[in-house]
Every structure is written in C-alpha cells, then in structure tokens.
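Worksheet: one structure, shown below.
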Amino acid sequence: KAEGYYAKTKIQMNQSIADIMTATEGSSNSSNCTKYDNFKYTLYTWVFSIVFIMGLISNMAAMYIFYCTLKLRNETTTYMMNLVVSDLLFVLTLPFRIFYFITQNWPFGSFLCNLSVSLFYTNMYGSILFLTCISVDRFLAIVYPFRSRMLRTKRNAKIVCVAVWVLVLAGSLPSGFLLHPTDPNHNQTQTFCFENFSNKQWKVHLSKVVIFIETVGFLIPLILNVVCSAMVLQILRRPRTLNRGKLNKTKILRMIVVHLFIFCFCFIPYNVNLVFYALMRTQILKGCSIETVVRTIYPIALCIAVSNCCFDPIVYYFTSETIQNSIKRKSEYSRSYDNKFSEALQSESYIQQSLRTLKAKVFQNESSV
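Laid out in structure tokens, this is it:
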C-alpha cells in the first residue's frame, strides 16, 4: 500500500510540475533568449534629444505662423494647426523620456509615465490621420474641384479634426493608462516606464490595442494616401488638366512626393515591426532568432517614427501655398525694413557730414574775420 501511495503521489507531483511548465512556457521561452537591445538606451537618448530641440523650434515657429501671422485660413491649415498641437504635446514629454533613458529609472510617478505613453501614440497616429486628411483634401480639390466645394469647408474640417482626436484618444489612452510595466528582476529601487510589459498584458490587452491602431490608425490611412496620390497623379497626366485655372503640375508633384516620402519613411518601418513584435510577445511567433531581429529593429524603427515631429513642418510649407505666401511676405517686409533702415543710416551719415562741413566753414570765416 505504501508503494502504491508513493507512486500515486509521484504521479500527482509530476502532473503539477507539467502544469506549471505549461503555464510559464510563454515567459520562459522569451527569457531563455539572450537580448541584444541594450544599445537602445544610448540611441534613444541621442535621437530624442535631437528631435526635442529641432521639433520644439520648428513647431513653435509653425505655431507662431499659424496663430499670429497667418490671416487667411482654410480647411488645409485647420488640419495643420491640429497637427502642430499634436506634435508639441509629444515634444514637451521628451525631456522626461530622455532622463529615463539616461538613468534607466522613472522617478516622476505613474501618471506622467502613463501620460507620456499615451501622448506618444496620440502623436504618431494623430499625425498619420491628419496627414491623411490633408491628402484626401488635396485629392478632392484636384480630382473633384466643383463637386467637393460643399465638403471642403472650414466647418467640416473642424468636425473631422474632432473625430480624429476622439478616435486617436480612444486607442492611445487604454495603452497608456490601463497597463503597468513589470520588474523582471524584482528590483525595488528601479522603476520602469515604456517597457517590460508582461506577456499576460500583451495577450489580454496590448494585442487588441495593436490590432485596433494598426487597422484604423495605419493600414486604412496608408491605403487612402496611396490611392489618393495615385489618382491625383493620374489626373495630372491628362493634358487638359494643366489648363484648369492656376494648377501648377510641378508644385503638386513636389507636394505629393514630399508627403508620401515622410509618411512612408516615418511610419511604415515602426508599424510593420510592431506587428511582428506583438506576434512575438503573444508567443505566436517563437524562436530566439526571430526575437533578436525584431528587438534589434524595434528601437531603430521607433526613432524614425519619432522624427516625424521634425518633418511635419516641411509638409506645412510644401502643402500650403498660404503659408508660403505668408513667409514670402514676411521676408519681403524684412528686406524692405532693412533697406529703409540702411537708407536712414546713410541719410543720417550724410546729415552729420554736412553739419561738420558747415561747422568747418563757419569756423574758417570767423578766423578770417
């Protein structure tokens, strides 16, 4: 009986160990792989510092132009103004991220951590959607110039912007405020942010968020941008199109090239890699070689995506003729002011020289008397 009891106990213990191994297979499979992504902290520090300086200066200049010097505003500038706000909100959180990447510790509390994560996704997918709005607006203006007059109004543009903000916040707030980083080393003195989400959080929450933001925030806008640009180019190939009003083929082509380049360069690498990263974290894709490639590409793709804050002002200039005219008027006024100031200095110098000559003559006359 004793042998039978011990044999039964041994079988139960083996079954329990098997259950534990099955339950922890996801996390252990990932932890057995050697991670080669420690370079990301140095990379993030340098790239985010550059983006902070350039993004702050360029977007503050854009904000000044939009709100202080730009008198004529249309639906395109409405989308751009919202894009500036999105960029500035994210840029202002970068110093906190830079501090974290240098020290690898987050001392600012969970609220600022969650807010920084949310603003990152708000900026990225807000930029994607607002750039898509600009592309669709340009498509309607060129392909359907008369039929789109009722749609292309500032009022409708404001409604679209509100819808974009609601949609973006619906996807970004859950990713920032419903998830909490875990400490794999159980280090009580180190607080993580932006990373170390558990496999359970990836399977339960983050995988659903990724599906939502990849579909609504990236895939659909990518298709719209490519289709709208292709149809505009097709229209421009028709000879009679060039005779329509003041349509400038070279300017529109340059506009489309700049727009598509920034969209594809900034957003495709990160979003494609994010899909593979999610598949890896949810254990759909397994293997150390796959994990090494995905983890190595992820920081590089993230830095490229963050750089969109610096490229957006280029879109403002090439997309809006109103802004170009405003800058030209500003520069012409500055040159005119410089010329007037130079003429005033020359006039003052001439007056002073004439006074000195007159004084010398008077002094000479007095001496001869």
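Numbering (the working numbering), first residue to last: 1430 to 1798.
Backbone N, C-alpha and C define an ideal beta-carbon position, used for all residues, glycine too.
What you are looking at is a predicted structure, and each value in this text was computed from that prediction instead of being measured.
Check this for me: beta carbons of residue i and residue j, under 7 angstroms apart or not?
| i | j | result |
| --- | --- | --- |
| residue 1661 | residue 1559 | no |
| residue 1851 | residue 1561 | Nothing in the structure corresponds to residue 1851, since the chain is present only between 1430 and 1798. |
| residue 1730 | residue 1639 | no |
| residue 1481 | residue 1544 | no |
| residue 1577 | residue 1657 | no |
| residue 1487 | residue 1742 | yes |
| residue 1466 | residue 1724 | yes |
| residue 1550 | residue 1604 | yes |
| residue 1600 | residue 1647 | no |
| residue 1538 | residue 1739 | no |
| residue 1721 | residue 1636 | no |
| residue 1702 | residue 1556 | no |
| residue 1395 | residue 1471 | The question about residue 1395 has no answer, for the chain in this structure spans 1430 to 1798. |
| residue 1582 | residue 1527 | no |
Could you pull out every residue in the same chain whose Cβ sits closer than 6 angstroms to the Cβ of residue i, ignoring the five residues on either side in sequence?
| i | result |
| --- | --- |
| residue 1469 | 1728 |
| residue 1552 | 1515, 1519 |
| residue 1508 | 1559, 1562, 1563 |
| residue 1586 | 1504, 1507 |
| residue 1459 | Here residue 1459 scores only 49 on pLDDT, less than 50, and its place in the model should not be relied on; the value that follows carries that caveat. Closer than 6 angstroms at the Cβ level, and outside the excluded window around residue 1459, lies no residue. |
| residue 1574 | none |
| residue 1452 | A caution first: residue 1452 carries a pLDDT of 35, below 50, which makes its placement in the model too unreliable to give a value. |
| residue 1513 | 1488, 1491, 1492 |
| residue 1713 | none |
| residue 1735 | 1480 |
| residue 1705 | 1723 |
| residue 1681 | none |
What did DSSP end up calling residue i once you bin it into helix, strand or coil?
| i | result |
| --- | --- |
| residue 1466 | coil |
| residue 1583 | helix |
| residue 1590 | helix |
| residue 1653 | helix |
| residue 1663 | helix |
| residue 1763 | At residue 1763 the pLDDT is 46, less than 50, meaning the model places this residue with poor confidence and gives no usable figure here. |
| residue 1564 | helix |
| residue 1622 | coil |
| residue 1534 | coil |
| residue 1478 | helix |
| residue 1711 | coil |
| residue 1575 | coil |
| residue 1637 | helix |
| residue 1450 | Reliability of the predicted coordinates at residue 1450 is poor, the pLDDT of 35 falling under 50, and the value obtained from them is presented with this limitation in mind. The answer is helix: DSSP assigns residue 1450 an H, G or I state. |
| residue 1503 | coil |
| residue 1523 | helix |
| residue 1555 | helix |
| residue 1543 | helix |
| residue 1702 | helix |
| residue 1658 | helix |
Apart from the five residues on each side of it in sequence, which residues of its chain come closer than 8 angstroms, Cβ to Cβ, to residue i?
| i | result |
| --- | --- |
| residue 1733 | 1694, 1695, 1698, 1699 |
| residue 1461 | 1717 |
| residue 1390 | Given that the chain is displayed from residue 1430 to residue 1798, the structure contains no residue 1390 and the question cannot be resolved. |
Can you find a C-beta in chain D that's less than 7 angstroms from the C-beta of residue i?
| i | result |
| --- | --- |
| residue 1550 | Among the protein chains of the structure shown there is no chain D, as only one such chain exists. |
Excluding five sequence neighbours on each side, which residues of the same chain lie with their C-beta closer than 7 angstroms to the C-beta of residue i?
| i | result |
| --- | --- |
| residue 1464 | 1724 |
| residue 1546 | 1604, 1605, 1623 |
| residue 1572 | 1660, 1661, 1664 |
| residue 1765 | Confidence at residue 1765 is low in this model, with a pLDDT of 49, below 50, so its placement is unreliable and no value can be given for it. |
| residue 1709 | 1719, 1720, 1723 |
| residue 1590 | 1507, 1508, 1511 |
| residue 1650 | 1557, 1558, 1561 |
| residue 1525 | 1537, 1541, 1545 |
Report yes if the C-beta of residue i is less than 6 angstroms from at least one heavy atom of the ligand FMN; otherwise report no.
| i | result |
| --- | --- |
| residue 1499 | Annotation note on the ligand FMN: not contained in the displayed structure, which lists no ligands. |
Would you call the region 1528 to 1544 and the region 1484 to 1497 in contact, with 3 or more CB pairs under 8 angstroms?
no
For the region 1684 to 1692 and the region 1595 to 1603, state whether three or more C-beta atom pairs, one from each stretch, are separated by less than 8 angstroms.
no
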